[in-house]
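Just below is one structure, and these are the notes that go with it.
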Amino acid sequence: MPSDQSRPQDAYLRPVPTTGSTPVLGYSLAAAFPDIDLARLPYSVRILAENVLRNLGVNGISQDDLSALIHWQPDQTQPIEVSYHPARVLMQDYTGIPTLVDIATLRNDMADAGGDPRGVNPQIPVDLVIDHSLVVDFSGRPDALIGNMDLEFSRNAERFRLAKWAQKTFDNVRVVPPGKGILHQVNIEHIATVVRTSETARGVVAYPDTMVGTDSHSTMVNGLGVLGWGVGGIEAEAAMMGLPLVTPLGRVIGVRLSGKLRPGVTATDLVLTLTQKLRAAGVVGAMVEFCGPALDELPVADRATIANMGPEYGSTCVLFPIDAATTAYLSLTGRGDEQVALVEAYARFQGLWRDANSVEPTYSALVTLDLSEVEPCVAGPSKPHQRVPLGEVAAQHGDKPIAPAEVRFEDGAVVIAAITSCTNTSNPAVMIAAGLLARNAVRRGMISRPWVKTSLTPGSRAVGAYLAAAGLLEPMEKLGFGIAGYGCATCGGNSGPLDPAIEAAIRDRKLHVCSALSGNRNFEARIHLLVRGNYLMSPPLVVAYAIAGHMGIDLTRDAIGVDADGKPVFLSEIWPDAAEVQEIVARHVTPAAFVTGYADVFKGEDAWETLSPPLSELFPWDDGSTYIRRPPYAELKRADGAPADIRSARALLMLGDGITTDHISPAGAIAAGTPAAKYLQDHGVASIDFNAYGSRRSNHEVMVRGTFANTRLRNELVPGIEGGYTKVFGDQAPSSVFEAAERYRAAGVPVVVIAGKDYGAGSSRDWAAKGTRLLGVGAVIAESFERIHRANLANLGVLPLQFLPGQSRSTLGLEGIETFDIDTSSAAPGGTVTVTMHRADGRTERFQCRCRLDTASEVEVWRRGGMFPFVLDRLIHQEETTA
């Protein structure tokens, strides 16, 4: 915002009654709208309204925009387009380093256009937490942490060097080095402030700490009262460059919680119950807020665990209001007294504070849950919302009880047991519970089954500190749960290799084996390519299943193993006492643990500190690199902003319901024999050095070859075949998706993707959209889209089209051998687009699709060929107008 000019909204600046030494002002919604009952507006709408009020006049934001937002109605039929300027951006390295590569590329493009590349910088604070490169190669041994970190640096030095170059070269970029924790946990425990301040010509102005993150689980910070959500890297880049994120605001769903959890029921059980309930309630694309009397007793650790899972039920955000639990958590995690006082003062000033006497906002719909109804459960085998009561899990793997002596390495065996992910390692109660269960089991002489790969990868250094202080790390180590690293690891697919003999047996015997993990994602082939059943659960249950070794054991009634005397041991005998859990949490989870854990959060290990980044203002691209290549996005620009109609297009793939971004985006290990592997081999890379797709996200040549290459993908053009295969029209034999796309490109034939419901569910992975665009896909026609992927497609210049109600590939009788003409001239928000279909027998039919370019801004970006050409044009124009 301009600091040297008086602006109309400055009339609504009011003093914030703080106890600090510096006077603080805030833009008062109550002063701006004295006739509006603000208490009835959902908290997320109030935060957005402040954001728009404060940014009036920026990027064309008008009083009409603010008026429409402040007059939001629960029965809003048409979404309001909110021009949202987040205060900051949060990134992890899998998505963040490619984003920095894109900004580095914009510097080159600016220089190529005759502009000043030094003008290309993030305009708002950006935090990059390197947490996704950790692979659990070593586990269950004392040197696992050191060994895994050594491999992490040896594999990723080139990527890490670029991150250090970006931190040195760009304004407003901070990097948390490897080995410090998982971005979402680091965010809530250290980075997030809840309320921010800026020095302006009018004085120090306070405002809500809002953000977007390049990881879908960025909603975790909502548990702290911070409004934010996951976006694609392209949207994040727009925000970094000072552009607004045009966010459709429609339904705001309230979730009212009452009652208390019963003894033995964990926050994870609550999370999985809510995930199933909210997925069934249909909250995709809505904003979700929590309310109700249970909030008075629900700590931020539990709230954050709930909020983390927002992407699994598809909502934009999962906001908990600011209250006494918020300020207690800020104090617990070592934030200063002055900041804690500012948070409460500003929240009360702006009408964002909640307590037992607060008026409950009016919501579009209300979902209710009595916490006393929650029971122990897991989710699986392939979706986070597939909740299964603990007593019913065994039935999925056999209909007879399994005695401890009968457990074998066979179908249903647990081969991975991982306490991983910010979802649960941010919650001290469930981590202490896992440690106590391990202690109780070790006291009985129990061990994990030999075929189970066990690991513990906490989300912050504070976790390791309080587990060690409580004396619980040692018994966990005895069961194989020693700390293998501080990072995302298994939850993100970096589970590492299994024992070679185990892998061979799985392949040779075609076993259906399982994983037990405390993460937030269990999509097919995500955790490990050989593991078909993946179950999400609380950390203590992960320990229990490592001991049991098989999902066919009913932990509610069967013995999970035997003690040192050969006597059967039941889970109820070693389950931790709730009072002891709370006592240990109170004694060992203290501000000192967090202050110590974050004292040097921006300082890395020796391997990081000795990395020497380039010294140039422009990044020196290495044409021989197989990790970092200058991407070709500027070449996607469409002349005059007028995309041509799509003519005589072929279906590259025809897919069913529930295709996730894990099916689309390159992820996990790079398998031998794939197009990506062949590319690397052709460039002199040995198979042992392939690394994971995530580590090579800054090489578009690798990533485009891995798009739609998931081993569990089912393409209806090649029935009966799993994996990244399709068929070129006229061929009998299948080919890889990449090879087919290249052949169509060479022949000048455009391609489209046809799909079913919930297309693009899952992570906000840029490469699900980038890879789609670089494969030459001009449009995706689906029955419905998940929010983030649809937006990413639009931002890459791919036209998202939705079948009208009652229509699908099945009702239209599509076989995948048709050609399609798409009239793009009518592409507009809420409009329809005509698709002309030419069947193989010569018949021509037409059907209408809903255009899913949902805002005028998305239309403009799509017409330019995507966000990269759009941003470059804007930067050049800004430089010309200021010259």
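First residue of the sequence shown: 522, per our numbering; consecutive thereafter. Glycine is no exception: its CB is placed at the ideal position from the N, C-alpha and C atoms.
In terms of CA proximity to E995, A959 leads the group G1013, A959, R982 and A1010. Close CB contacts of H1109 within its chain, under the 6 Å cut and outside five residues either way in sequence, are with Y987, A990 and A991 (chain order).
Listed in chain order, the non-local C-beta contacts of E679 below 8 Å within the same chain comprise S1146, Y1148 and I1149, local neighbours out to five positions each way being set aside.
Excluding residues up to 5 positions away in sequence, T731, M732, V733 and A760 lie with their Cβ nearer than 6 Å to the Cβ of P607 in the same chain. With a beta-carbon spacing of about 5 Å, A807 and I774 fall inside the 8 Å limit used to define contacts. For V1122, the secondary structure class from DSSP, reduced to helix, strand or coil, is coil.
Residue H1049 holds the alpha-carbon nearest to the alpha-carbon of R1028 among H1049, C1012 and A632. Excluding sequence positions up to five before and after S1256, its CB lies within less than 8 Å of the CB of Y1246, T1247, K1248, V1249 and R1264, all in the same chain and listed in chain order. Taken in chain order, the whole beta strand (DSSP E) runs of length 3 or more contained in the segment 836–891 are 838–840 and 886–891. If you ignore the 5 residues before and after G578, its C-beta comes within less than 7 Å of the C-beta of R528, all in its own chain and listed in chain order. The beta carbons of V936 and L1000 sit no closer together than 8 Å.
Look at G919 here: in three-state DSSP terms it is strand.
DSSP, reduced to helix, strand and coil, places S660 outside both helices and strands of the structure shown, so it counts as coil.
Taking the Cα positions, K1088 is about 11 Å away from M967.
Selection A1188, F681, I624 and F1259 evaluated against N1231 yields A1188 as nearest (Cα-Cα). Here G1386 is near K1158, since their CB atoms are less than 8 Å apart. When the five nearest sequence neighbours on each side are left out, the beta carbons in the same chain lying within less than 6 Å of the beta carbon of S779 are those of G813, P814, A815 and D891, in order along the chain. The continuous stretches of beta strand (DSSP E) do not include E1260, which lies in the alpha helix (DSSP H) extending over residues V1258 to A1267. One Cα belongs to I1167, the other to E602, and the distance between them is close to 28 Å. Judged by beta-carbon spacing, E1304 lies beyond the 8 Å limit of G1334, meaning their Cβ atoms are not closer than that value. Distances from the CA of L1322 to each of L1296, G912, Y884 and P1350 were compared; the closest alpha carbon is that of P1350. Here T787 has V951 and S1059 as same chain residues with Cβ atoms under 6 Å from its own Cβ, once five neighbours each way along the sequence are excluded. CA-CA distance, A1207 to N677, rounds to 16 Å. A direct Cα-Cα distance of roughly 7 Å separates K701 from G1008. Apart from the 5 residues on each side of it in sequence, S852 sits with its Cβ closer than 6 Å to the Cβ of V861 in its chain, given in chain order.
Residues K904, G1277, K1278, D1279 and A1282 of the same chain have their beta carbon placed closer than 8 Å to that of G1179, with the five preceding and five following residues left out of the count. Assignment of beta-bridge partners to A983 by DSSP yields no partner.
About 6 Å separates the CB atoms of T1182 and H1310; that is less than 8 Å, so the two are in contact. For the set P842, V1354, I1338 and V1356, the Cα lying nearest the Cα of G1363 is the one of I1338. The bridge partners DSSP lists for V1223 come to none. Counted as a single uninterrupted DSSP element, the alpha helix (DSSP H) harbouring W686 occupies residues A665 to T690. Contact between V776 and V725 is ruled out by a C-beta separation of about 35 Å, above the 8 Å threshold. The Cβ-Cβ distance between G1054 and P882 does not fall below 8 Å. The alpha-carbon of K921 is positioned some 12 Å away from that of R1078. Listed in chain order, the beta strand (DSSP E) elements of length 3 or more contained wholly in the segment 1174–1236 amount to none.
The segment 1029–1082 is shown to contain whole alpha helix (DSSP H) runs of 4 or more residues at 1060–1069, in chain order.
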